[in-house]
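Chemist:
There are 2 protein chains.
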Amino acid sequence: MDELDPLGFETQEWPFYWLTRATGLYLSRLERSLKAEGLDVARYRVLMCVRPGQARSIGEIAELAIVKLPTMLKIVQRMQADGLVLARPREEDGRFTDVTLTSAGVDARQRVWHMAHSIYEKAFSGDTPPDRVTVNEQMARIVARLSD
Amino acid sequence: MDELDPLGFETQEWPFYWLTRATGLYLSRLERSLKAEGLDVARYRVLMCVRPGQARSIGEIAELAIVKLPTMLKIVQRMQADGLVLARPREEDGRFTDVTLTSAGVDARQRVWHMAHSIYEKAFSGDTPPDRVTVNEQMARIVARLSD
DNA sequence: TCTCGATATTTGAAAAGTCAACTAACCAGC
DNA sequence: GCTGGTTAGTTGACTTTTCAAATATCGAGA
Numbered sequence: 004m005d006e007l008d009p010l011g012f013e014t015q016e017w018p019f020y021w022l023t024r025a026t027g028l029y030l031s032r033l034e035r036s037l038k039a040e041g042l043d044v045a046r047y048r049v050l051m052c053v054r055p056g057q058a059r060s061i062g063e064i065a066e067l068a069i070v071k072l073p074t075m076l077k078i079v080q081r082m083q084a085d086g087l088v089l090a091r092p093r094e095e096d097g098r099f100t101d102v103t104l105t106s107a108g109v110d111a112r113q114r115v116w117h118m119a120h121s122i123y124e125k126a127f128s129g130d131t132p133p134d135r136v137t138v139n140e141q142m143a144r145i146v147a148r149l150s151d
Numbered sequence: 004m005d006e007l008d009p010l011g012f013e014t015q016e017w018p019f020y021w022l023t024r025a026t027g028l029y030l031s032r033l034e035r036s037l038k039a040e041g042l043d044v045a046r047y048r049v050l051m052c053v054r055p056g057q058a059r060s061i062g063e064i065a066e067l068a069i070v071k072l073p074t075m076l077k078i079v080q081r082m083q084a085d086g087l088v089l090a091r092p093r094e095e096d097g098r099f100t101d102v103t104l105t106s107a108g109v110d111a112r113q114r115v116w117h118m119a120h121s122i123y124e125k126a127f128s129g130d131t132p133p134d135r136v137t138v139n140e141q142m143a144r145i146v147a148r149l150s151d
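Sequence order for the protein chains is P and X. Numbers in the numbering used here are just positions in the first sequence, counted from 1, shifted up by 3. Numbers in the numbering used here are just positions in the second sequence, counted from 1, shifted up by 3.
Pasting the structure below:
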């Protein structure tokens with residue numbers, strides 16, 4: 004144990020170090036690709052959370068993307084100004100604001116999906132299908148344990 | 004394949020969905036714990052990157068934390084104002100600004116480490132030691148492939 | 001129907017992050 | 001010892017995120 008470090012913290016053995024780093028690198032790369040389209044990670048998340056032809060409330064999208072609600076509201080407002088989404092009160096319950104993709108939004112979704120997918124291919128290249136399933140399962144377990 | 008979704012995107016099978024979600028939940032929880040101490044995730048990262056008695060340049064910390072350099076500069080400035088770190092030009096090469104923890108910083112590091120560790124225990128509860136090693140290895144592979 | 005509590009969003013001010021341009025220090029080759 | 005290219009940091013303008021307080025809608029029950 005390191006004399007200078009009373010915690011004996013070893014980077015190599017700390018899972019959240021790797022987790023945050025892998026996620027950070029993924030997002031950095033995605034950000035770089037998106038920038039070429041005039042988009043960013045915040046918009047990307049909305050594009051992926053809202054499926055074409057479906058509607059999702061701002062709160063639902065915020066929860067899926069793990070972003071605070073006022074933040075998501077403003078992302079949606081920017082995207083509406085960009086013409087990527089439409090936001091309007093839900094018919095059945097006026098408290099909700101439903102977000103849907105415009106056709107420009109659907110197109111953008113398609114393009115950004117390809118970007119994300121090519122990063123995925125690089126990130127997992129060489130891993131066998133069972134390896135990949137294992138990652139999903141492991142992450143899903145963590146998500147389940149950290150969701151209350 | 005979903006008629007409405009030309010990409011056939013299935014959340015359950017998309018590893019980055021799980022990766023970003025697990026990381027996001029981890030960070031949300033950490034943020035909540037840190038707030039009680041008047042700290043935040045940005046400061047947490049610096050506290051963990053700089054080992055007591057060692058010095059790290061702002062650029063090194065930014066690179067480790069996957070944060071842009073000007074952002075890290077400002078985090079360090081805030082932390083210096085808080086009395087958690089000391090920043091000064093490196094002796095051997097004045098271009099670098101070396102950051103070290105003050106004794107208040109070392110104390111804070113110890114406290115936040117315990118917070119992070121208790122989230123880790125929750126996140127991985129039930130996983131065997133080999134499971135945990137597998138996660139580290141898998142994440143390390145992704146990191147290696149996404150680093151140029 | 002009217003009111004209260006709960007839910008979902010909206011707002012505006014404050015904090016944090018980002019970009020692009022600038023400065024400072026170094027060093028290899030003249 | 002000067003000069004030009006390179007690396008590391010700093011700055012100020014601008015954008016995005018966050019917080020806390022306000023608004024809007026709904027639904028149960030007096």
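Just so it is clear, CB atoms sit at the ideal spot from N, CA and C, and this is done for glycine as well.
Note down the Cα distance separating R93(P) from F99(P), rounded to an integer number of angstroms.
Modeler: Within the first sequence, numbered from 1, the residue matching residue 93(P) stands at position 90. Within the first sequence, numbered from 1, the residue matching residue 99(P) stands at position 96. Their Cα atoms are separated by approximately 5 Å.
Chemist: Taking only the alpha-carbon atoms, compute the straight-line gap between Y29(P) and I122(P) and give it to the nearest angstrom.
Modeler: Mapped onto the first sequence, residue 29(P) falls at position 26. Mapped onto the first sequence, residue 122(P) falls at position 119. Spanning the two alpha carbons is a distance of roughly 7 Å.
Chemist: Give the straight-line distance between the Cα atoms of A107(P) and I69(P), rounded to the nearest whole angstrom.
Modeler: Mapped onto the first sequence, residue 107(P) falls at position 104. Mapped onto the first sequence, residue 69(P) falls at position 66. Cα-Cα distance, rounded: 25 Å.
Chemist: Tell me which residues of the region 100-111 of chain P have at least one Cβ-Cβ distance to chain X shorter than 9 Å, keeping chain order.
Modeler: V109
Chemist: Which same chain residues, not among the five before or five after A119(P), have their C-beta less than 7 Å away from its C-beta?
Modeler: Here residue 119(P) refers to the residue found at position 116 when the first sequence is read from its first residue. So the list reads L33, once near-sequence residues are dropped.
Chemist: From this set, D151(P), I61(P), P132(P) and K125(P), which residue's C-alpha is nearest R148(X)'s C-alpha?
Modeler: Counting from one through the second sequence, the residue named residue 148(X) turns up at place 145. Of the candidates D151(P), I61(P), P132(P) and K125(P), the one whose C-alpha sits nearest the C-alpha of R148(X) is K125(P).
Chemist: Run through chain P and tell me which residues come within less than 7 Å of S150(X), C-beta to C-beta.
Modeler: In the second sequence, counting from the first residue as 1, residue 150(X) sits at position 147. Near S150(X) (Cβ distances below 7 Å), the residues of chain P are L28.
Chemist: Look at the alpha carbon of T105(X) and the alpha carbon of K38(X), and state the distance between them as a whole number of angstroms.
Modeler: Here residue 105(X) corresponds to residue number 102 of the second sequence, with the count starting at 1. Here residue 38(X) corresponds to residue number 35 of the second sequence, with the count starting at 1. The straight-line gap from Cα to Cα measures roughly 20 Å.
Chemist: Check A90(X) in the structure and name its three-state DSSP category.
Modeler: Position 87 of the second sequence holds residue 90(X). In this structure, A90(X) counts as strand in the three-state DSSP scheme.
Chemist: Mind checking who L104(X) pairs with in its DSSP beta bridge?
Modeler: Position 101 of the second sequence, counting from 1, holds the residue named residue 104(X). For L104(X), which the question treats as bridged, DSSP gives the partners V88(X).
Chemist: On the DSSP letters alone, give me the boundaries of the alpha helix (DSSP H) that A143(P) sits inside.
Modeler: Taking the first sequence and counting its residues from 1, one reaches residue 143(P) at position 140. Looking at the DSSP string, the run of the alpha helix (DSSP H) that includes A143(P) is P132 to L149.
Chemist: Counting beta carbon pairs with one atom in the region 137-144 of chain X and one in the region 14-31 of chain P, are three or more of them shorter than 8 Å?
Modeler: Taking 8 Å as the limit for Cβ pairs, the verdict is that the region 137-144 of chain X does touch the region 14-31 of chain P.
Chemist: Within this structure, are the beta carbons of V102(P) and A58(P) separated by less than 8 Å?
Modeler: Indexing the first sequence from 1 puts residue 102(P) at position 99. Indexing the first sequence from 1 puts residue 58(P) at position 55. Less than 8 Å separates the beta-carbon of V102(P) from that of A58(P).
Chemist: So, for E6(X): in the same chain, excluding its five sequence neighbours on each side, which residues have a beta-carbon less than 8 Å away from its beta-carbon?
Modeler: Numbered from 1 along the second sequence, position 3 holds the residue referred to as residue 6(X). Low per-residue confidence applies at E6(X): pLDDT is 48, beneath 50, and the placement is therefore not dependable enough to give any value.
Chemist: Report the residue from M75(P), A90(P) and Q113(P) whose alpha carbon sits nearest the alpha carbon of E40(P).
Modeler: Start at 1 with the first residue of the first sequence, and residue 40(P) comes out as number 37. Minimum Cα distance to E40(P) is reached at Q113(P).
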